[in-house]
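Encoded as structure tokens, the structure appears first; notes follow it.
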């Protein structure tokens, strides 16, 4: 009944929108309910999913639950073991994926429960594998993505703010990644990469998404009178992530909002992605440069590539 009063359209991109994913590989860094439900959806479609956990015990309990719920799956659930406080574990987790997999289709980075610097580091470390996967397509194919899951509902709409919020910073970092050239030295030595002129020009897409809906005051009152089932909210949030990661019409620069639709990015944030007068670097490039410095400090002299 509650959906009758909602101003947000129900999910249009659902598990039924997809077919077999048995050749696909995904990494989900979060243990949030919506992310785990997303893992269940992908696993039911026979995909290989790496789940981010800091212990095997917690991971195995979640795996058992997912397998009970999807007994017919031929997919695989693997541990992406890392501690956000330990830079060596971050690098080790990435190295294990690179050793075991020849491809990575989507990296889901959840900034809701993760330190943005750690997720930025993961994106950098896994970028060569993502680009190698994208290069296998000899036609434009935007299916290889990094999905940045925001810690709040939407970017800051205050154009006068001098300190970008977490969602703003995430968007600027995601944009900066799209301006980087492919990591050609790594690709040139990778047996899994194609370096032909006809290789996929779409490269790796970087998409931002929020699963937290913004309700007007009257609708919050309705939600109080007619409570929404937590399970229903989780399923809708998972469909939002599914749309951001697998919908064919999503591209770099998009901000995906509940429950699977493209939202308008604030003008001041779009302006931050543009070079000023053709000389000064964009704000997004400046933010990226700061994070590179912090990443090197976090890695403690370790090589931030795999």
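Numbering (our numbering), first residue to last: 28 to 333.
The C-beta atom is built at its ideal place from N, Cα and C for all residues, glycine as well.
| Asked | Found |
| --- | --- |
| Own chain residues within Cβ distance below 8 angstroms of residue 40, not counting five before or after | 266, 269, 270, 273, 274, 287 |
| Contact between the stretch 64-72 and the stretch 114-124 (3+ Cβ pairs under 8 angstroms) | no |
| Whether residue 210 touches residue 230 by CB criterion (8 angstroms) | no |
| Among 285, 206, 147, the one whose alpha carbon lies nearest that of residue 175 | 147 |
| Per-residue DSSP class, three states only, for residue 156 | helix |
| Separation of residue 293 from residue 299, as counted between CA atoms | 10 angstroms |
| Whether residue 102 touches residue 76 by CB criterion (8 angstroms) | yes |
| Cβ separation of residue 100 and residue 64, assumed to be a contact under 8 angstroms, to the nearest whole Å | Going by Cβ atoms, the distance from residue 100 to residue 64 rounds to 15 angstroms, so no, they are not a contact pair. |
| One or two residues paired with residue 105 in a DSSP bridge | 77 |
| Local Cβ density within 10 Å of residue 202, reported as buried at 16 or more and exposed below that | buried |
| Same chain only: Cβ atoms within 6 angstroms of residue 135, ignoring 5 sequence neighbours per side | 55, 174 |
| Neighbourhood of residue 90 by C-beta distance below 7 angstroms, restricted to the same chain and skipping five residues each side | 104 |
| Spatial neighbours of residue 319 in its chain, beta-carbon cut-off 7 angstroms, leaving aside the 5 residues before and after | none |
| Residue 317 classed as buried or exposed, judged by whether at least 16 other C-beta atoms fall within 10 angstroms | exposed |
| Assigned secondary structure, residue 176 (DSSP; H/G/I helix, E/B strand, else coil) | strand |
| Candidates 137, 145, 107: closest to residue 326 by CA position | 145 |
| Cβ pair residue 234, residue 283 closer than 8 angstroms | yes |
| Outcome for residue 93 when other beta-carbon atoms lying within 10 angstroms are tallied against a minimum of 16 | buried |
| Best match in 151, 37, 170 for proximity to residue 117 [C-alpha to C-alpha] | 151 |
| Inter-residue spacing [alpha-carbon to alpha-carbon] between residue 212 and residue 157 | Unreliable placement is indicated for residue 212, whose pLDDT of 46 sits below 50; the coordinate value is still reported in the next sentence. Computed Cα separation, rounded: 14 angstroms. |
| Residue 64, enclosing beta strand (DSSP E) - first and last residue | That residue, residue 64, is in no beta strand (DSSP E); its alpha helix (DSSP H) goes 60-71. |
| Through-space distance from residue 52 to residue 205, alpha-carbon basis | 21 angstroms |
| Burial state of residue 23 (16 or more Cβ within 10 Å) | With the chain covering 28 to 333 only, the question about residue 23 has no answer from this structure. |
| Under the three-state DSSP convention, the category residue 28 falls into | In this prediction, residue 28 scores a pLDDT of 42, lower than 50, which makes its location untrustworthy; the coordinate-derived value is nonetheless stated afterwards. Coil at residue 28, not helix or strand. |
| Residue nearest to residue 295 in terms of C-alpha spacing, selected from 149, 80, 310, 277 | 310 |
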